[in-house]
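First comes the structure, then the notes that go with it.
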C-alpha cells in the first residue's frame with residue numbers, strides 16, 4: 001500500500017468552547033492545528049484539512065481545505081468521506097485522520113495503524129487506548145480508512161448512519177492499541193485548554 005494521505009478533522013461546531021474553530025485556539029504560542037500538523041505531516045504523504053465554512057480563515061496553513069461531502073454537520077464520518085474523495089482524486093489508497101483538537105497524539109500513529117492493518121483486504125483501523133472500565137477506549141477520529149470503501153460510506157451516510165464504530169465494525173475494522181492513556185487528550189472546554197497548557 002502507498003503511504004497514506006493525512007486528513008485533519010476540524011469540521012465540528014465547537015459548541016462547548018462557545019463556537020468558532022477549536023483548531024485556531026492558542027496553545028504554547030502555536031495554534032492547536034499547528035501542533036497537529038507538526039505531528040501528522042512527517043507520517044503521511046501530504047496533509048489536507050477538513051473544515052466547513054469559509055476556507056480563507058485557514059489560508060496561513062497552506063493546506064487544501066475540504067468541506068464535508070454531505071451537508072448538515074453530520075459528524076466526523078462526513079469529514080472522513082471528504083478526505084477519501086480527495087485521496088481518490090490524487091490516486092491514494094488510504095487516509096489517516098487526526099482530530100484538530102488533539103495536540104499530543106502519538107508520533108508513531110501512522111506506523112502503528114499500518115502495522116495493525118496487515119493482511120486486511122480493506123485496511124480499516126481505529127486508534128485505541130487502555131480504559132479501566134471498558135478495557136479499551138476507541139478514538140474514532142483517529143483512524144486508517146481505505147479509499148476502496150468510500151462509496152459504501154457515502155451510501156451509509158445518506159442512509160442516516162452517524163456512529164463511526166457501527167460502520168467500522170460492519171467492515172471488520174480493527175483497533176491499534178496505544179499504551180499512553182493521555183495520548184488522545186482533546187480540548188473541548190476552556191478547562192481542557194488550561195490542562196493542555198500544563199501538559200506541554
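In UniProt numbering, the protein residues as written are 1 to 200.
Ideal Cβ positions, reconstructed from N, Cα and C, are used throughout, including at glycine.
Proximal residues to residue i (C-beta, below 7 angstroms), its chain only, five neighbours per side dropped
i: residue 1; result: 93, 94, 123
i: residue 22; result: 14, 32, 100, 101, 187
i: residue 35; result: 27, 103
i: residue 39; result: 105, 107
Under 8 angstroms between C-beta atoms of residue i and residue j
i: residue 58; j: residue 109; result: no
i: residue 66; j: residue 37; result: no
i: residue 32; j: residue 140; result: no
i: residue 145; j: residue 84; result: yes
i: residue 68; j: residue 188; result: no
i: residue 7; j: residue 51; result: no
i: residue 70; j: residue 63; result: no
i: residue 207; j: residue 147; result: Only positions 1 to 200 of the chain appear in this structure, which leaves residue 207 out of reach.
i: residue 28; j: residue 193; result: no
i: residue 79; j: residue 11; result: yes
i: residue 165; j: residue 134; result: no
For residue i, the first and last residue of its enclosing beta strand (DSSP E)
i: residue 32; result: No beta strand (DSSP E) holds residue 32; the alpha helix (DSSP H) holding it covers 32 to 40.
i: residue 5; result: 5 to 9
First through last residue of the alpha helix (DSSP H) which encompasses residue i
i: residue 166; result: 164 to 170
i: residue 154; result: 150 to 158
i: residue 111; result: 109 to 116
Simplified DSSP state of residue i, which is helix, strand or coil
i: residue 76; result: helix
i: residue 188; result: coil
i: residue 138; result: strand
i: residue 85; result: helix
i: residue 200; result: coil
i: residue 179; result: coil
i: residue 127; result: strand
i: residue 44; result: coil
i: residue 63; result: coil
i: residue 132; result: coil
i: residue 92; result: coil
i: residue 161; result: coil
Residues of its chain near residue i, where Cβ-Cβ distance is below 6 angstroms and the 5 sequence neighbours each way are ignored
i: residue 176; result: 112, 113, 116, 125, 127
i: residue 16; result: In this prediction, residue 16 scores a pLDDT of 49, lower than 50, which makes its location untrustworthy; the coordinate-derived value is nonetheless stated afterwards. Excluding positions up to five away in sequence, the list reads 188, 189.
i: residue 3; result: 45
Short CB-CB distance (under 8 angstroms) between residue i and chain B
i: residue 124; result: Annotation note: the requested chain B is absent from the structure, which comprises a single protein chain.
Are the region 149 to 165 and the region 70 to 81 touching by the rule of at least three beta carbon pairs closer than 8 angstroms? yes
Say whether the region 126 to 145 touches the region 177 to 184, bearing in mind that this needs 3 or more beta-carbon pairs closer than 8 angstroms, one atom from each stretch. yes
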